[in-house]
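Asker:
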Amino acid sequence: MMGLGSVLMQNGQVVAYASRQLKVHERNYPTHDLELTAVVFVLKIWRHYLYGSRFEVFSDHKSLKYLFDQKELNMRQRRWLEFLKDYDFKLSYHPGKANVVADALSRKCLHMSSLMAKKLELIEEFRDLS
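Counting from 1, one number per residue, gives the positions in the sequence shown under full-length UniProt numbering.
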């Protein structure tokens, strides 16, 4: 895994994207901790959208669902679970193939230059309309 990525959606429409590279120390985290890191990361960013509302989090990592039921947690997991208690959400498993948007954000993008070129084309089209 190269980074963390997430998409905030409402009624099937994208509201916001968030992604970042992993920090040096995070590269040593086990996979289930990285998945939890991603959840905590986006809840901190989108707190103003999500706090006080019921929402659903989709993850392509099944074991994340069972993390809340584990008896033995490391200190990092305990701290994060304490943070998550402030939110009213349901954690659902969504297979990786079905969770393509968030999955694409969390991996290194090989076609970044083509995406930037497309963005520039759209900007030019918008300018031409003005």
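Cβ coordinates follow ideal geometry from the N, Cα and C atoms, glycine included.
Could you check the C-alpha separation between residue 124 and residue 74 for me, to the nearest Å?
Answerer: Within the sequence shown, residue 124 is the residue found at index 124, counting from 1. Within the sequence shown, residue 74 is the residue found at index 74, counting from 1. Their backbone Cα atoms lie some 51 Å apart in a straight line.
Asker: Among all the DSSP beta bridges, which residues are the ones paired with residue 3?
Answerer: In the sequence shown, residue 3 corresponds to position 3, counting from 1. Partner(s): 21.
Asker: Are the region 10-23 and the region 60-70 in contact at 8 Å, needing three or more beta carbon pairs?
Answerer: Cβ pair count under 8 Å is below three, so no.
Asker: For the beta strand (DSSP E) holding residue 88, just list the boundary residues, first then last.
Answerer: Translated into the one-based positions of the sequence shown, residue 88 becomes position 88. 88-93 is the span of the beta strand (DSSP E), which, as asked, contains residue 88.
Asker: So the alpha helix (DSSP H) residue 35 belongs to, where does it begin and stop?
Answerer: Locating residue 35 in the sequence shown gives position 35, where the first residue counts as 1. Note, residue 35: alpha helix (DSSP H), 31-45.
Asker: Which residue's Cα is closest to the Cα of residue 43: 11, 26, 27, 85?
Answerer: Position 43 of the sequence shown, counting from 1, holds the residue named residue 43. The shortest C-alpha separation from residue 43 is found at 85.
Asker: The beta strand (DSSP E) spanning residue 83 covers which residue range?
Answerer: Indexing the sequence shown from 1 puts residue 83 at position 83. First-last for residue 83: 75-84, but that is the alpha helix (DSSP H), not the beta strand (DSSP E).
Asker: Distance check for residue 15 and residue 6, CA to CA, integer angstroms please.
Answerer: Within the sequence shown, residue 6 is the residue found at index 6, counting from 1. Within the sequence shown, residue 15 is the residue found at index 15, counting from 1. If you take the alpha carbons of residue 6 and residue 15, they lie about 11 Å apart.
Asker: Which residue from 11, 32, 79, 50 puts its Cα closest to that of residue 59?
Answerer: Counted from its first residue, the sequence shown places residue 59 at position 59. Residue 59 has its Cα closest to that of 32, out of 11, 32, 79, 50.
Asker: Thinking C-beta only, is residue 57 closer than 8 Å to residue 202?
Answerer: Nothing in the structure corresponds to residue 202, since the chain is present only between 1 and 130.
Asker: Kindly list the residues whose CB is nearer than 8 Å to the CB of residue 36, restricted to its own chain and excluding five residues on each side of it in sequence; keep chain order.
Answerer: Sequence index remark: in the sequence shown, residue 36 carries index 36 (1-based). Here the set comprises 64, 67, 77, 80.
Asker: For residue 34, which residues in the same chain have their Cβ closer than 8 Å to its Cβ, ignoring the five residues on either side in sequence?
Answerer: Along the sequence shown, read from residue 1 onward, the residue named residue 34 stands at position 34. Taken in chain order, the residues that qualify are 1, 4, 22, 26.
Asker: Quick check on DSSP: helix, strand or coil for residue 56?
Answerer: Residue mapping note: residue 56 aligns to position 56 of the sequence shown, counting from 1. Strand at residue 56.
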